[in-house]
Amino acid sequence: MSTTSSRNNEGRAQSAGVVKVNSVQEKEYSPNVVRNTKYTPFNFLFKNIYEQFHQPMNCYFLLIAILQGFKAITVNNPWTTWLPLIFIFAVSATRELVDDIKRAKADTKANNKLVKKLSEGSVIEVPSKNLHVGDVLFIEENEEIPCDCVVLYSSNANGICYIQTANIDGETNLKLRCAPSLTQKKLEKCRDYEGVANAIHNMDAMTIECPPPNSRIYDFPAVLRQGEDSTALDASSLFLQVCHLCNTRYIFAAVVYTGNETKFGQNKDVPEMKLTKSDRMINWFTVVLFCFQLILAVLLGAMGIRNLSTIPKWYIGNHEGENGWLDYIVVPLRFLLLNSSMIPISLKVTLEVCKVIYSMFINMDEQLYAVRRRSDNVHCNSSCLSENLGQVRYIFSDKTGTLTKNEMILKYCRVWNTPYLHTSILLAKELLDDFLRCLLLCNSIVVDNGVYKCDSPDELCLVSYCRYLGGTLLSKQGSHTRILLNGETENWIVQKELEFSSERKRMSVLACNPALNRYLLFSKGADDMILARSRRTGEWNGLDLAQNVETIVETLREYADKGLRTLVMGVRNLDETEYKEFVSKVEEASKAMENREQVKSECYDAIERSLLPLGISGIEDLLQDDVEPTIRYLRACGISVWMITGDKPNTAISIGRSTGIIDPQTPDRAILLLDRTPELRDAQAVLARLAEWTRDVDAHPTLPFALCVTGNMFSFITSTQPSNACPDSLTDALVALAMRVHSVIFCRVFPKQKSEVVLLMKKRTGQVTLAIGDGGNDVIMIQNSDVGVGIVGKEGQQAARAADYVLSEFKHLKRLCCVHGVDSVSRSWTISNYSFFKSVIFCVLQTSYAMFSSYSGVSLFNSMQVTLYNIFLFIPIVSMVTKRGYQESELLNRPAVYRYYNDTDPQNKQTLFSFAEFVTWVVMGVLQALIVNCVAALIEGTGAYDAITNTVFFANLLSQDLLIFLLLPNITWLNVWAVLLCHALMWLVCFVCSSVTGLSGFVPYMSMQFANAQMLHWVSYLVLVPLSMYVFLGKKIFGNKPVERREEKAKR
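Here the sequence shown is numbered in my numbering, starting from 70 and rising by one per residue.
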């Protein structure tokens, strides 16, 4: 699916626009036509051809096909090149066309879906494609939102309503939305929806100032104006396209973005194409073969030019000087065309088909499904990366929801420390009540018929646990929240919410209770964020604040050592004037049209000061099943498993130990923590520390060191450039140390930093990287790795949507890599080696015939044989996907096998698909072709050309059939039938076509019949086929690095 930004933004100015609600717009906006198609009927042919010629191999074959059109240099019928090229282009184009037609049908269905909108005070139905910016929609419960719109009125009290965003982020929990009070209060007196529709029609003109179309789903800095009144709008007022209205009878909403300009449309894009390591090697091999072709063309062309002037044959004559300089171009080009099939035109299609089959194997593997969640949609989003799964060197894993279950249990909770601080029971109760109020009021939970719904398992855990301490969240109605505390009901007004973000790592609310005459700022979040904004000195009601902070820090360290997720809660008491001032500042910041997020961040930071730390919570996140043995086996396979998390260092280290990322034998002194401490503030100090640790690691090679790097230090290292004071690169030093230690953990990192870690190692090492996660904060990391794996978790399906492969549990990564990965890479390497081999031998058979044709560039094989050779070998080659060199039990219990394929075992280097192995196969092809041609010439003597052609061609074809069987450790019925049927069909087609006079341009008339009538033709098979196999058998027996010998060694 592709939607370019230039197309998405047609018709709309790229500046903040003013939308007139229920009125004619001053400028033209694009209609609500959803278009997900890649092509149009007018540009399909041209655009598709243009895209296909972006691939160098296709350009090469086009060049060969064009050269075949010149009679002076062509050696075969031009259709021998044009037909396969057209076929490959047609297959690719047909696949694109079919996919695009499916998208077009889905677009048509969506665009013609009937929706309700306001027209002249009445509600009418119109096709979705006829909606325009400024229209007012009438949406009923469970209906899908057809475009981005701002809610004006909700049938629920206080203007609240709920949406489900599963189509965008995969989360099934309901999200709270709220109509602006400016319109809700004016319309809530209407009795029914007809009255609301008429009231909106008669209202004074309304406008919405909103930013231009963009992809930021959670960012909508807009302002609603009506006359002199105005109110700020944000993401909580915006209904997104493809979401559904829930638990609300109906709403009225003004359209602000339509078609592909919606937030959903702007987020549709084509991710960067990923290539497997094998694909890159094949491209390199192709370049080498092309150079080999050029060398052959030049050498044989020179000999052909020489023979033209010196050959004594009377029937050819002396051509010296006849064509002059033209011969120096024509003859070499003739040999270039003769060798054109040395680069197998069918290899691309063959591997594409094989990769699709690999993905089918993965999709059908029932052992990749969790037993307790059989409905999980485990599948492949990408069908072209299976080989990479068998060559992974680095795994970058998220923690929460990936290594852990994201099932939270509140293990510990501390509100000051009554016995330790010698406070009175009454004071302790007051602190506990505020602690509970903080948890019950400062959250994003939606109460749906008494059931708590939230996309944060932490908040669900904390609020649910409050009932054991005497607090319960009863209901939420807009800004009004009702809680039960110690048996008494309290009604609070949560006036403003200072939202949580990955950067802020905290959430706050401004809440008041007029009945209690209390005006408070509640905050909860990461300990470093809350404590940095807390009062650390002085007293509060006789309590020593410094001692309180010290106790909290010690407790945090204790909880972190136990691997618990910690949060710190704080409160700030305000007077009414100060409270209203803060509310006003937040409202003003929310209305900023430029840099709204920055303005809000600065405003929040100014408010969240002088907090009183109330207490801390320690939540245990249970580990996924079999995480530790899975990581241990992956390490044995030569894979470095890194953990990247937002937790504090102590928590990350503790989880690292429990999951096995940090070796059990690693002592505390061998855990190297790299943080921005006062002594590590400048580049020289950091470089010296990295150098010291590197020397220490090198001096103790048997000690399993672990490196833990904080996000702040990582940003400092990657942003610091070499200078005169510190000429060495900090990044190089960090990478060098990370590659030496046994374990690496990155903690306190943001989503962007996760991606930067992956990109850094991907670029510096050139090895295959795999990233695995389950949340939206893992998406960038997953997309930038060589292989992205998404876990279907409780944080939604954002990661699963962005991933190449989707699993239900972390432990299945072992099977995905060690079974499917190894099988895929082993099969593809065998198929690629064989495809190059059979193409080389075919071309050298053609070329070596020049020895018997005075280097004239005459083709040994007729055009029909040249055309059908790759076509009829295609199915036998594809049938090699059944190859299985190892039983599943071996792949899951012998890590040496995987180490062979990812090339991490220095005692057993991978040679199955290396440059040396490629050269070996090329040399084998050359030798085998020379032997076959020379022996055939000796047997046939001065026999007819047709006899030699058919004898050599079918002897070579039969030897290819036998070689396929020799390459397979397990021969299946599919292999046997594929080889036998295709060979028989090849013979039959050639026999029939040679009997048709109209095809004499492709195959000489009656040539097959002539060859088959000679006994020598059949006897030659008994000599040529065994001789042709001796080269391969000799390599297998006497070669220094035969393929199967290395694989057998891996088994042992």
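A virtual CB, placed ideally from N, CA and C, is assigned to each residue, including glycine.
Beta-carbon contacts of residue i that lie in its chain and below 7 Å, excluding the five residues immediately before and after
i	result
E666	D288
Y1074	S1063, T1066
K116	Y108
S92	G203, A274
L136	I142, L402, L406
K244	Y231, I232, T234
Where the alpha helix (DSSP H) containing residue i begins and where it ends
i	result
C1051	1042 to 1062
A658	645 to 659
A985	984 to 1009
E528	526 to 534
C912	891 to 917
Q852	848 to 853
L960	957 to 962
T331	Run containing T331: none; DSSP gives neither H nor E here.
Own chain residues within Cβ distance below 6 Å of residue i, not counting five before or after
i	result
A869	G859, V861, V875
T714	K468, A721, C816
H448	N432, V875
Closer than 8 Å to chain C by CB, residue i
i	result
N199	The question asks about chain C, but that chain is absent: this structure has only one protein chain.
Distance CB(residue i)-CB(residue j) smaller than 8 Å
i	j	result
N1019	H1086	yes
V194	K185	Residue 194 is actually Glu in this sequence, not Val. Against a cut-off of 8 Å, the Cβ pair of K185 and E194 comes out as a contact.
N408	T989	no
L1054	F921	no
N211	L314	yes
R605	V622	no
D847	K823	yes
L543	Y648	no
Q335	P282	yes
For residue i, the three-state DSSP class (helix, strand or coil)
i	result
T1020	helix
N225	coil
K1110	In this prediction, K1110 has a pLDDT of 43, which is less than 50 and means its spatial position is unreliable; nothing more can be read from the coordinates.
F705	Correcting the residue identity first, residue 705 is Ala in this sequence and not Phe. The answer is helix: DSSP assigns A705 an H, G or I state.
E421	helix
F815	strand
T234	coil
V88	strand
R1115	The pLDDT assigned to R1115 is 48, lower than 50, so where the model puts this residue is not dependable; a value taken from the coordinates is nonetheless given after this. Note: R1115 maps to helix in three-state DSSP.
C672	helix
T550	strand
D690	strand
D348	helix
V810	coil
G591	Note that residue 591 is Phe in the sequence shown, not Gly. Strand, per DSSP.
I731	coil
Q1083	coil
A601	coil
A629	helix
V438	The question names Val, but residue 438 in the sequence shown is Tyr. Reduced to three states, the DSSP call for Y438 is coil.
Y98	coil
M14	Not covered by the structure: residue 14. The range shown for the chain is 70 to 1121.
K1104	helix
Residue i: first and last residue of the uninterrupted beta strand (DSSP E) it sits in
i	result
I562	557 to 567
V324	319 to 326
A301	298 to 302
P196	191 to 196
N582	575 to 582
Inter-residue CB distance, residue i and residue j (contact presumed, cutoff 8 Å)
i	j	result
A805	V813	Not confirmed; about 12 Å, so no contact.
V192	A266	6 Å
I514	L529	7 Å
T620	K883	43 Å between Cβ atoms; not a contact.
S727	L692	6 Å
Residues of its chain near residue i, where Cβ-Cβ distance is below 8 Å and the 5 sequence neighbours each way are ignored
i	result
V356	none
D169	T106, K107, Y108, F113
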